[in-house]
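The numbering of the sequence shown is the numbering used here, which starts it at 1 and goes up by one. We treat Cβ as the ideally placed atom computed from N, Cα and C, and that holds for glycine.
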Amino acid sequence: MRAVRCTEAGVAVVDVAEPEGQGVLVEVASVGICGSDLHLVDMGPRPVTFGHEVGGTVDGRPVAICPVRYCGDCPSCRKGATSVCQLGSNTVVGIHRDGGMADRLIVEADCLVELPAGVAAADAWLVEPIAVGVHAFEALPLEPDMRVAIVGGGTVGLVAAALARHRGCEVDLVARHPHQQAAARRLGAGLEPSGKYDVAMDAAGTESAAREAIRLCRPGGWFVIAGIYWGDVTLPGLALTLKELKVLPVVYYGHVRGEREIDVAARLLGELGGLGEALVTHRFPLHRAAEAFATAADKASGAIKVLVEP
């Protein structure tokens, strides 16, 4: 079976054994390349198949994959904070164990995410990034007509913009590149922030994006960290303090009102028409995975979301 891994020669398609063991066999239809995948490449060779944004089929039925599992018994889980489960953060599909950038994969039955009618397996990769946005906005007292500023025009920022618009919020997005701005406009976001915002999100995971989000946030507002800081950053502590900002980092997703947030995300995917069309800029067959990664990493390529399709 073919799988995409980081080797001594870089990203490559390698032959691996067919998946075995207990669980459910998923035939992969599409996998998104995420910024975290690009960081994993920078970390060097590793014997783990890429891919945590996965859509596929089980016996012909379209499904998405929840790449994060929850033990249900650690102190975090016992408090209902399954998004920070001490087991789950170390067993992520595509990061700590083999992911979906392959012809097939086996996952536990509780990793399957059912899709609403009309959502194709090829679009199911979207469920995972939507779940991150769901987790952020469920943790906030987000109400219609609130002002939301998003700094960063990648997948995380654009999905958050679509979700906030869906919730009835006024959304402005700061994006560096014209193709990101065009996608934001297509999703109904403004491109010229003005005034102060109830919620300001760093969706880029950079120090400059964090500083801009903090600048845009009103006193007493929410500063949301949805991008991953892969190293230390220096934040404007005086502004954070004097504004008494509430800081909310998000990375995974858990449960809300007795339901998995990733199931909420799947339902929303059926309601957010045109999201995939706005985000997907490139598609590559599996055998061209190295080219797909190079395109995703190239700031001049015009890429937002690059998909690999077995």
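- For A161, there is no enclosing beta strand (DSSP E); the residue is found in the alpha helix (DSSP H) stretching over 155–166.
- In the DSSP annotation of this structure, R257 is not part of any beta strand (DSSP E), being labelled neither H nor E.
- DSSP places I130 inside the alpha helix (DSSP H), whose first and last residues are 127–138.
- Residue pairing by DSSP places T57 opposite E27, P62 in a beta bridge.
- In the DSSP assignment, D172 falls within the beta strand (DSSP E) that extends over 170–174.
- Sixteen is the threshold: since fewer than 16 other Cβ atoms of the shown chains lie within 10 Å of the Cβ of G274, the residue is exposed.
- Here S208 is exposed. Its C-beta has fewer than 16 other C-beta atoms within 10 Å.
- V119 carries a coil assignment under DSSP once its states are collapsed to helix, strand and coil.
- Between E170 and the set V107, G195, H177, Q180, the nearest pair of CA atoms involves G195.
- Beta-bridge partners of L245 (DSSP): none assigned.
- The DSSP-derived three-state label of A289 is helix.
- Collapsing the DSSP output to three states places D15 in a strand.
- By the Cβ-count criterion, Q180 is buried, with 16 or more other Cβ atoms from all chains shown falling within 10 Å of its own Cβ.
- Here the alpha carbon of G32 sits roughly 10 Å from the alpha carbon of T155.
- Minimum Cα-Cα distance from A164 among the listed residues P178, R176, T234, V132 corresponds to V132.
- Here A9 carries a coil assignment [DSSP, helix/strand/coil].
- The Cβ-Cβ distance between T49 and M1 does not fall below 7 Å.
- Three or more beta-carbon pairs separated by less than 8 Å are not found between the region 185–192 and the region 254–261, which leaves the two stretches without contact.
- As a beta-bridge residue in DSSP terms, C217 pairs with Y197.
- Across the structure, K246 and L240 are spaced so that their CA atoms are roughly 8 Å apart.
- Contact check between the region 220–230 and the region 101–114: fewer than three CB pairs, one atom from each, fall below 8 Å, which does not count as touching.
- No Cβ-Cβ contact shorter than 7 Å links G276 with L158.
- In the DSSP assignment, R78 falls outside any beta strand (DSSP E) and lies within the alpha helix (DSSP H) extending over 75–78.
- The alpha-carbon separation between T295 and A183 amounts to approximately 18 Å.
- Just measuring C-alpha positions, the residue of E212, E53, C217, C6 sitting nearest E309 is E53.
- With a threshold of 16 other beta carbon atoms within 10 Å, R260 meets it and is buried.
- Straight-line spacing of the CA atoms in D145 and L87 works out to 38 Å.
- With a contact defined as Cβ atoms closer than 8 Å, C6 and P45 qualify at about 5 Å.
- Here DSSP, grouped into helix, strand and coil, assigns I95 to coil.
- DSSP places R186 in the uninterrupted alpha helix (DSSP H) bounded by 178–186.
- Judged by their CB atoms, G152 and A109 are not nearer to each other than the 7 Å cut-off.
- About 42 Å separates the CB atoms of L235 and I106; that is not less than 8 Å, and the two are not in contact.
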